[in-house]
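Trainee: Residues in the sequence shown are numbered consecutively from 1, following the UniProt record's numbering. Quick one: the structure is below, questions incoming.
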Amino acid sequence: MKNMGNMMKQMQKMQKDMQKAQEQLKEETVEATAGGGMVKVIASGEKRILDIQINEEAVDPDDVEMLEDLVLAATNEALNKVDDVVNEKMGKFTKGMNLPGMM
Numbered sequence: 001m002k003n004m005g006n007m008m009k010q011m012q013k014m015q016k017d018m019q020k021a022q023e024q025l026k027e028e029t030v031e032a033t034a035g036g037g038m039v040k041v042i043a044s045g046e047k048r049i050l051d052i053q054i055n056e057e058a059v060d061p062d063d064v065e066m067l068e069d070l071v072l073a074a075t076n077e078a079l080n081k082v083d084d085v086v087n088e089k090m091g092k093f094t095k096g097m098n099l100p101g102m103m
């Protein structure tokens, strides 16, 4: 029974640590650019796009598709960076576990 009690304490500590890491992720932001910095996207650790900045020079009414491509590229890169941050912070909790939907 003592081993079960220790295991429960470890699980409770791990749960608290995971909650703390999830709270920290809410405060994290990542930045990604495309087109040599012509488009910049800032995303939160919760995968929310917080800001998109577009340099005036990137706006060409005759080539809207290029701007769309730059926005997509910067957004996708920002979301990939968020995934990296999440994996870094949360991966230590799921390491060695085969949990569907987790990292």
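No residue lacks a Cβ here, since even glycine has one placed at the ideal position from N, Cα and C.
If you draw a straight line from the alpha carbon of residue 69 to that of residue 37, how long is it in whole angstroms?
Mentor: Computed Cα separation, rounded: 13 Å.
Trainee: Just to confirm, are residue 78 and residue 21 a CB contact at a threshold of 9 Å?
Mentor: Not closer than 9 Å, so no.
Trainee: For the putative contact between residue 86 and residue 25, defined by C-beta atoms under 8 Å, what is the C-beta separation to the nearest angstrom?
Mentor: That belief holds up - the Cβ atoms of residue 86 and residue 25 are roughly 6 Å apart, short of 8 Å.
Trainee: Under a three-way DSSP split, which group does residue 69 fall into?
Mentor: DSSP places residue 69 in helix when its eight states are reduced to three.
Trainee: Reducing DSSP to helix, strand and coil, say where residue 92 ends up.
Mentor: Three-state DSSP puts residue 92 in a helix.
Trainee: In three-state DSSP terms, what is residue 51?
Mentor: Strand at residue 51.
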